[in-house]
Every structure is written in structure tokens, then in C-alpha cells.
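Per the numbering used here, residue 2 is the first one in the sequence shown, and the count goes up by one each step. For each residue, glycine too, the CB sits at the ideal point set by N, CA and C.
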Amino acid sequence: MPYEAEVVAERSYDEDRLFYGIDFTIIPSGTLDGNLSTKVPRKHTTFSASPADLLQLIKQLTSHGANYIPLKPDGRVDDVRAHSHIISTNVEFPDYADAFKNFCHVVKPSWVEQSIAKGKALQTRQYNPDPAQFFQDVVITCADLPVGDKDAIIAGVLAMGGLYCGPLSKSVTHIVALTEDNDKCRMARRKQLSCKIVLPHWFDDCLQLGKKISEKAYELPNPEVLQPYHDTPVDYCTPAHLVGAASALSKTVSLPSSPAPTRKALRAFSGKVIMLGSDLLLSDHLRTTICTIITSGGGQITSDNSSANIYIGQYRSGSEYITASQTGKEVANLVWLYHVINTNAWSNPLSQLLHYPVPRHGIDGFQGMRISLSNYVGEARIYLEHLVKAAGANFTKTMKQENTHLITAHKQSEKCDAAQEWNINIVNHLWLEESYAKCEVQVLTNKRYTHFPPRTNLGEVVGQIPIDIERARKVFFPGGEDAPKLFNYEKLEKEDRARTEAKKTSPKTTVPASSAATKPFPSREEDGRPAIIDDHYDTALPRGTAKNKRIHSDVVARTPSLLHRSEALEKQTPPTTGSRASKDVAKFRLGKLTYTTSDAGALFAQEKDVTRGKKRTSAAALHDGSEDGEREQDANDEAEKAGARKGRKRAKSGPGSATAANLPSVIYTLMITGDDRWANKPKKESEDASRLRALGIFLTQEPSECTLLCAPRILRTRKFVSAIAYAPTIVATSYLDYVLKQNKLPEPTDHALSDPANEEKYGLSLAESIHRAGLNFDPETKRGRLFQGWTIHVTTDVTGGFETFKEVVQSNGGTCLPYRGRTGLKLHPRRPVAEQHERGKNGEETSHSLPTPLPSFGADDEEEMRTVYLVSAETEDDSKLWDKFRRTAEKQDLRARIVRTDWLLTAAMSQQVVWDEKWELRKDA
């Protein structure tokens, strides 16, 4: 075009120019006008001070030394490898995968504006339009947090596309604090800054889910998550990205009626050659209409697969689909086509699960599943309903005991209560979406799928998972190795990691993850509840970059994998920012686990390679940009200096501190219970945890990970009782005193816990209990087998709460269900141990030899095997449930036994089940 020729003629190769060495192109979109003949610049509302018009952007870049490369006539990028930057408001363009693979930076137009304003080409991290970098618009600063927690948060934010700013500046979007009683928060209030002051818990829940959720419930001064009503649901709003993507069935989406504006100016198909698959079964009239729309929009229609660049089909089967897929063409379904016509904007069909052809017979493993939904409304509910059906499962509006899964946005609803009593799997929508995207059923043990942040409706993050096209290739169109490789996040991350490992030698450490805090089930009136939960009434309501040199682009963030605290992980080489290890950094649990300064510092060191700089000469103050020349310190400047500051701080650490280079292997995984030395002393706790880690002791809050249990005496706490099932070594608190005082590890046997008084009180021998636990432990399932085959019901009013007893029972291999007196409940008698089978991830039986456990109580007594247990409190409300439980058992030809909590606790602590009449509860007693 004439203007483009003028731009090329005016290019300057002056090396002092700001953008010298940058070769760029611009992707037109719905918010970035593609009309090069536009003479009047038009500002896009998303960018407050930057024209979003193509002409203006090209002028801004080329006038500062950049080289503009026009798009090809068909709208595609001309040789991605020749580009250093692609400017786009989104990643919904065909060449994004190729750009990602060739380390071409994809940035928002605001990157140009901010770089010019700062007089240097900024890092591209915060300007990546990829929604997978869910902290891309987040700039944090921390206020009075423990050092370990602070470093862990910073590392997590950096890994997910955000930035860290040491002092408070106008570029900060979030202040992370536990209270507002600090200088940063007071200054933010005084200056009336727009930044949000949030609890660390917000980052915890975002990273646990791998999604950015609303900050509202975590904002100070009165965060809802800390209020008594924290377990009540919140209002739902429909995600905007689901519009036009909620169905895989074309009949639910209609074409815009003529003369709609999008139809008049349709140009989304310019240069595109489209083939309509034979499996669409279109009527002659509809096919003619679609063809007319496409051709009037600049596209072409063909019946020759080899000449097409876009294939539209309904199913992932047939020669047309396979040929198009193997030759690297764009493959989409009719719903995607309608969506493009409606919006007059090209979108990536892989970015929405239901814009890609569906499996003709569903996903293997979903057949036979009966799935219901709860707490999702509007477009999100329609989307999930169609996704369940597309996966091959049976969707049910009402839920019965025959259902296998309940997908819910939060756990406050009638369906959720019933699902817990009926032992139905309760998961969030991420399980369904990732199973469909990866073309295989995902394991339910992944905690991401059972995490429900308080005061959060997960419906707000529905529809953000793209199709894993490489998995689809293996399952539906294997072969075509000579075709252009399609987008593969994991493979690219591995390649990036391999390149980095050749350059780095320092060992890697990881921040451990702890389990999510679990809320007890609320007490409710249960009499007269139906055995069928109607879908229409179950939703609960709330109560109230360097010159002339390319650097690797940030690898698209993937969902963080569960961390394994092992020596092997600790000795691996840290990759560059944005690779898999950086995602592992993000998998930390704030507020529930103390991070060691050394571990978190080593993780932060992985991130600082791309944010290197000099230390500030003085503490930065907040500047308001007044005319007296006060300078605003932006987040990019601070990020460049953060690494240097952190390095100097760690260099000043006292004896016992550790760095990534000298961390020893983990010798003991220690869990402490009943000791309050660190109560209300988070900084002391972080310092001591760092010293312990430097000696080889790793602190945990998970009983299943505990190899060393420290307590002042025998306790009936959740941690102590649950940990016994894993046969740990139990030591007195004197062991911890010695380690912290002498800075060395003694023999645990020298500090073995001895408590004769409580042994007599509870009728057990601690040494014998640990011996039995070792015999009962199953190394395959990583749980005890004391209650293997048992289904134990527990009322919700028991002291300590249902979740405590559930963890105890599950630690010992049993199943624990809440009992609220619901009618029609099916009780489950004990199953003989000989009938127990290890289950694969999709439920298939597998065989393996296991160590023989201790004889099971009553295993040779038929009547005992048909006895069902209810653990109850002795309150008036619980006593009303006893007769109902007995009648339910009698109707199913079972014997009911209602018992005190002492029966269960004694069995778990002694690691043997015995019976004594003193534990039975009767109304006439």
C-alpha cells in the first residue's frame, strides 16, 4: 500500500533509536482497526493514553528505529522467524503458535506507549495478551510480610506474568498485606490510590486454581474470607468470553439478521479459503446462505481439501477432518463460523473447547458417568451442559444416588449436601474442561479440581481452557509428521528448559504446597428432604526487551503441577522464567504453611535472571507526578532492581541460612502439633523454618508427608491422630529445642515422646501403635488399611467437626460420609479386605501384591461385617438422627451401631479396632 511504502522509505537504522533492531507487524482486531487508509487516529478505550489505530502505531515504532513488515494479502504473518515482535490485543490469530515456538514477542499496543514514555524498550512480560499469563496486569508490592512468604508470592506473580515493585508507586495495582497498619497502606489511603490492598490468601487461591479470581473477598480492611459468613456463596456474573462459545451445536447459535452492521462490513474472511465438511449435514438453503456470507466477506468456498486453509466440520472423525488436521489447516466447527460472522473478528478455534469439532463418540472414560451441575447459571451452565454431553457422559438436571459426579461452582447448595452424603464425587468445572481438552479423564486426586475458594463463585473463570491439540493429534489424527507442528505448550516448555539447563548449574529448590483449608459442613434441618435434588432449586443465595537482540518470550503459563518435596526435585537445574519450574514456584500455599527464606529465596532467584539491575540508593517514596519534576518509579524499573536487593539481603543472613547452592537434602519432613512457640510470631517462624531447612528438616502441615511428628505429649488433635496412620517417628518438643539451640540434628530416639499418663488415660501404648501402623500402611495407596473396606458415617455436630474425622478415616483407608438424616440413603456394609482392589485413574482394576495387614476386626463374623457405624455427638440435635439411622439400616437388612467419637479416635490412635459397650450411644442410656 502507498502508506506502507512511505513507512519503509522513512525507516532509520540509527542504532541510538529506541526500537532499533525490532522487526514488527501488527495484527488487526476488533479493537485495533485494520483499515490502513484511516486518516483520523482513533483511540481505543482499553489503552488510556495510546492511540490504538494501526497508522499511529506504525508511525510511533518506525520513527524510533523499528522495521515494519506488512502482513501477507491473506492476513497471515509473513515469515514469523523474521519478526522480533508482533503487536496484538489478543492471541486469537493463526500465527500465534508459530510466534510462540520461534520466541517472537507478542505484545499489547500499550507496550509501545509505555516504552516511549520511559525512553527504553520495556520487558514484554506484563504486556503479553495471552490470558494464560493471568497475572499479566498485576503489579504487586508487599507490606510487612514474613520474608519467606513475601519471596514466595513474588516468585509466583513473576511466573504468571506479573511484576513486583519494592516501594509503593503509582504503577502498583495490589498491595499484599495482613493488616492496614503499615506505612504503605496508610500512604495508599492518604493518596487515594486505585490499588487494591489484599490478603496473601488471594494469591494462594489464584495459584491453586491456575486462574485469576475476583479480589473482592480478600480486600482489606474487612476481607470477607475472614468473616463468620465466609462460607456463603456470592453473586454470579457471566464471563464475557463465553458469549458465542457455550454450545457445540449450531442450532443453538444463529446468524445475524441482515442488514446487521457486522454483515455490512464483514471482512473477517478476507483471503480465507474455506471448506464446509460433509458431516455438517446442511440444508441447501443454509449452505447457500453461509457461502454467500463468506464470499461477500472476501472469502472463498472450496470442496477441495488441499486448496482450503480452513476446514469446518462437526466431528473429529472422517477422512476430511483427518486430512485437514494432519496438513496443519485451521479446523473448527460451525459454531465457530457463526461466532466469527457475528463478531466480524477472527478467533482461534482452539481457544474455546466447543469451537473445535467434537468427538463423535465422546472421550474414553466418560461413558457411563452421570454428571449433574450446581451453582452455575446462564451461559456458564449452558456451556458446561454441552461440554458434559460432548465428552460422552450422561447429563442429569436432577441428582440421584446413581449420579457419579457433581460439578459445582461452590459447595453451598442442596445438591452439594446430598452429594457428600451419597459419596458422589464433588469437583469444580476445571476437571471437566481439562479432561475434555486433554482427551482423557483426569484424576480426581488433583487438588485443583476439589478447591473451592471462600466467597468465590468459580463460574467467573469458566471457559478459559484451550484444546490441547497435540493430545487431540495422538487420539484422533495420528500421523502427519511432515505437517507443520501445532501448538504444544508442554513440548515448548521442555525445549526451553533444555536450552537453559545447558547454561545454568545451580540447583533448584521448590516451595512446598500444603492442603487447602477445609470448612466444616454447616448444620441444617434435614427432616423430610427428598432423595432427588432438583436442579432448578439448588443454587444457594448469598446472605447479604535489549536493542538489536531478541530474548526468549515468556512461555505461556500452564496450570502448576502438584509439588513433590523430594531430593531429586531439589537438585534439578532451574529453568528460565516462565518455564515449568517457574510454574512450580507458583504452587505454594499461603497462610497455611511457613516457607523457609532459603527455599523461597532460591525460587525468587530463578525469576531475577530477567529482572537484573542495580540497587536503589535510597528508599523510594511515592511521587504524585507534579510539575516540580518529581519522578514516578514504575514497576519495570523496580523489577529490574528486585533481584539485586534480594540477593544482598540474603547475603546478610545469619548462621544457618541457606542458599540455592548449599541446601542439603531433606532428611526429615517434620510436622509440629500442640506447640505454640510461633503463635503470633510469623517472622520468628519464618527464620526458624529457614534454619531447620538448612539442616535438612522440611516443615509440613500434611500428615501424609510427615516422617517426624513433634508434640509435647499424646494429643487428640487432627494432625496427631491422622499422622499415626503413616507410622512416623514421634519426638517430644525437646527435639526441636535442641535443634534450634545447637544448630545440629540429634538422634530422634534421644528425644522420643514418652507420656505414660496419657497412654494409661487412652488405653494404648504409643510404641505399639506405631508398630501396628507400619504393618497396616499400604505403600501403593500411601494410606493405612485399618479402616479399609469401611464406610463410616459421621454427624456434622461432632466436636472437632466432620472434616477432622473424615481425614482420620481416610488416612486409615476408609470412607467417611456425613449423615444428616436424608431419606432414601443407601448404606454400605463393610467389604472384605480380600475384595479390595487398587483402582487405576479411570477406575480400572489393577493387581499388585501388598504387605499383609493386621487381622481386620470382625472379618470372620458375618453379623459384624453387616454392621454400619454412625459416629455422633451426644447433643439433642444429633440424638434425633439415631432412630432414623437405625430404621434405614433395618430396611436394608443391616445392623446399626451409633457410637461416641471415642471409639473412632481410640481405634485410630491404637491402630486396632476393638469393641466395648461403653462406646455405644442409646437414648435410654
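Strand pairing of M866, partner residues [DSSP]:
Position 865 of the sequence shown, counting from 1, holds the residue named residue 866. In the DSSP assignment, M866 forms no beta bridge with any residue.
Name the two residues that bound the continuous beta strand (DSSP E) containing I466.
The count along the sequence shown starts at 1 and reaches residue 466 at position 465. Element bounds for I466: n/a, residue is neither H nor E.
Residues that I87 bridges to, as DSSP identifies them:
Residue mapping note: residue 87 aligns to position 86 of the sequence shown, counting from 1. T26 and V107.
Would A118 be called buried (16 or more neighbouring beta carbons within 10 Å of its own) or exposed?
For the purposes of this step, residue 118 is taken as the residue at position 117 of the sequence shown. By the neighbour-count rule (16 or more Cβ atoms within 10 Å), A118 is not buried but exposed.
Can you tell me whether R77 is helix, strand or coil according to DSSP?
Taking the first residue of the sequence shown as position 1, residue 77 is located at position 76. DSSP places R77 in coil when its eight states are reduced to three.
Leaving out five residues on either side along the sequence, give the residues of the same chain with a beta carbon under 8 Å from the beta carbon of K390.
What you label residue 390 is simply residue 389 of the sequence shown in a count that begins at 1. Result list for K390: F396, in chain order.
Determine the direct distance from the alpha carbon of C186 to that of L700, and round the result to whole angstroms.
Position 699 of the sequence shown, counted from the start, is the residue given in the question as residue 700. Position 185 of the sequence shown, counted from the start, is the residue given in the question as residue 186. About 31 Å.
Who are Y669's beta bridge partners in DSSP?
Taking the sequence shown and counting its residues from 1, one reaches residue 669 at position 668. Answer by DSSP bridge pairing, in chain order: I698.
Inter-stretch contact at 8 Å, needing at least 3 Cβ pairs: the stretch 781-792 / the stretch 760-768:
no
Close-in-space but distant-in-sequence residues of the same chain around F94 (CB under 6 Å, 5 per side omitted)
Residue mapping note: residue 94 aligns to position 93 of the sequence shown, counting from 1. If we look at F94 and ignore the five residues flanking it on each side, its Cβ neighbours are I28.
When the Cα atoms are used, what is the spatial distance from R901 to D138?
By 1-based counting over the sequence shown, the position of residue 901 is 900. By 1-based counting over the sequence shown, the position of residue 138 is 137. The straight-line gap from Cα to Cα measures roughly 53 Å.
Buried or exposed for D469, please, with buried defined as at least 16 other CB atoms from any protein chain shown within 10 angstroms of its CB.
Start at 1 with the first residue of the sequence shown, and residue 469 comes out as number 468. D469 comes out buried.
Where does G479 land, buried or exposed, given buried means 16+ other C-beta within 10 angstroms?
Along the sequence shown, one-based indexing puts residue 479 at 478. Here residue 479 is Pro; the residue named in the question, Gly, does not match the sequence. Exposed, by the Cβ-count rule.
Assuming E321 and G314 make a contact with CB atoms under 8 Å, what is their CB distance in whole Å?
Against the sequence shown, residue 321 aligns to sequence position 320. Against the sequence shown, residue 314 aligns to sequence position 313. Right, the Cβ-Cβ distance comes to about 6 Å (below 8 Å), so this counts as a contact.
Specify, as a first and last residue, the run of the alpha helix (DSSP H) that T174 falls within.
As a working mapping, residue 174 is identified with position 173 in the sequence shown. That residue, T174, is in no alpha helix (DSSP H); it is neither H nor E in DSSP.
Do V378 and T409 have their C-beta atoms within less than 9 Å of each other?
The sequence position of residue 378 within the sequence shown is 377, counting from 1. The sequence position of residue 409 within the sequence shown is 408, counting from 1. Not in contact: V378 and T409 (Cβ atoms no closer than 9 Å).
Can the beta-carbon of V78 be found less than 9 Å from the beta-carbon of I88?
Numbered from its first residue, the sequence shown carries residue 78 at position 77. Numbered from its first residue, the sequence shown carries residue 88 at position 87. No, the Cβ-Cβ distance between V78 and I88 is not below 9 Å.
How many Å lie between A622 and M188 at the Cα?
Here residue 622 refers to the residue found at position 621 of the sequence shown. Here residue 188 refers to the residue found at position 187 of the sequence shown. Residue confidence for A622 is low, a pLDDT of 34 falling below 50, so the modelled location carries little weight and cannot support an answer.
Please say whether A726 and F778 have beta carbons closer to each other than 9 Å?
Sequence index remark: in the sequence shown, residue 778 carries index 777 (1-based). Sequence index remark: in the sequence shown, residue 726 carries index 725 (1-based). Cβ distance < 9 Å, so F778 and A726 count as in contact.
So, I311 versus E331, is the Cβ gap smaller than 9 Å?
Locating residue 311 in the sequence shown gives position 310, counting from the first residue. Locating residue 331 in the sequence shown gives position 330, counting from the first residue. Yes, these two residues count as a Cβ contact at 9 Å.
Just to check my reading of the structure: C711 and L746 have Cβ atoms closer than 8 Å, yes? What is that Cβ distance to the nearest angstrom?
Here residue 711 refers to the residue found at position 710 of the sequence shown. Here residue 746 refers to the residue found at position 745 of the sequence shown. Not confirmed; about 13 Å, so no contact.
According to DSSP, is K197 part of a helix, a strand, or is it coil?
Position 196 of the sequence shown holds residue 197. Here K197 sits in strand by DSSP.
Does the Cβ of T876 have 16 or more other Cβ atoms within 10 Å, making it buried, or fewer, making it exposed?
For this step, residue 876 is matched to residue 875 along the sequence shown. Around the beta-carbon of T876, fewer than 16 other beta-carbon atoms lie within 10 Å, marking it exposed.
Tell me which residue opens and which closes the alpha helix (DSSP H) that Y339 is part of.
Taking the first residue of the sequence shown as 1, we reach residue 339 at position 338. Y339 -> alpha helix (DSSP H) spans L335 to T344.
Helix, strand or coil for T290, going by three-state DSSP, please let me know.
Residue 290 sits at position 289 when you count from the first residue of the sequence shown. Helix, per DSSP.
Does the Cβ-Cβ distance between T674 and F721 come in under 9 Å?
On the sequence shown, position 673 is the one that residue 674 refers to. On the sequence shown, position 720 is the one that residue 721 refers to. Going by C-beta atoms, T674 is nearer than 9 Å to F721.
Distance, Cα to Cα, W916 vs R692?
The residue you call residue 916 lines up with position 915 of the sequence shown. The residue you call residue 692 lines up with position 691 of the sequence shown. Using only the alpha carbons, I get a separation of about 46 Å.
Report yes or no: do the stretch 142-151 and the stretch 166-183 share at least 3 C-beta pairs separated by less than 8 Å?
With the cut-off at 8 Å, the stretch 142-151 and the stretch 166-183 touch.
Inspect the CB distances between the stretch 409-418 and the stretch 361-381 and report whether three or more fall short of 8 Å.
Contact check between the stretch 409-418 and the stretch 361-381: three or more CB pairs, one atom from each, fall below 8 Å, which counts as touching.
For K398 and E380, what's the separation of their Cα atoms in angstroms?
Locating residue 398 in the sequence shown gives position 397, where the first residue counts as 1. Locating residue 380 in the sequence shown gives position 379, where the first residue counts as 1. Approximately 16 Å, taken between the alpha carbons.
Would you list the one or two residues that DSSP bridges to Y316?
Residue mapping note: residue 316 aligns to position 315 of the sequence shown, counting from 1. In the DSSP output, where bridge partners are listed per residue, Y316 has V359.
First and last residue of the alpha helix (DSSP H) that includes I154?
For the purposes of this step, residue 154 is identified with residue 153 of the sequence shown, where counting begins at 1. First-last of the alpha helix (DSSP H) with I154: V148 to A160.
How far does the alpha helix (DSSP H) with P757 in it extend, from its first residue to its last?
On the sequence shown, position 756 is the one that residue 757 refers to. P757 to Y763 is the extent of the alpha helix (DSSP H) around P757.
At the level of alpha carbons, what is the spacing between T907 and R717?
Locating residue 907 in the sequence shown gives position 906, where the first residue counts as 1. Locating residue 717 in the sequence shown gives position 716, where the first residue counts as 1. If I take the Cα positions, the gap works out to 9 Å.
Backbone secondary structure at D879 - three-state DSSP
Looking up residue 879 in the sequence shown gives position 878. Of the three classes helix, strand and coil, the one that applies to D879 here is helix, per DSSP.
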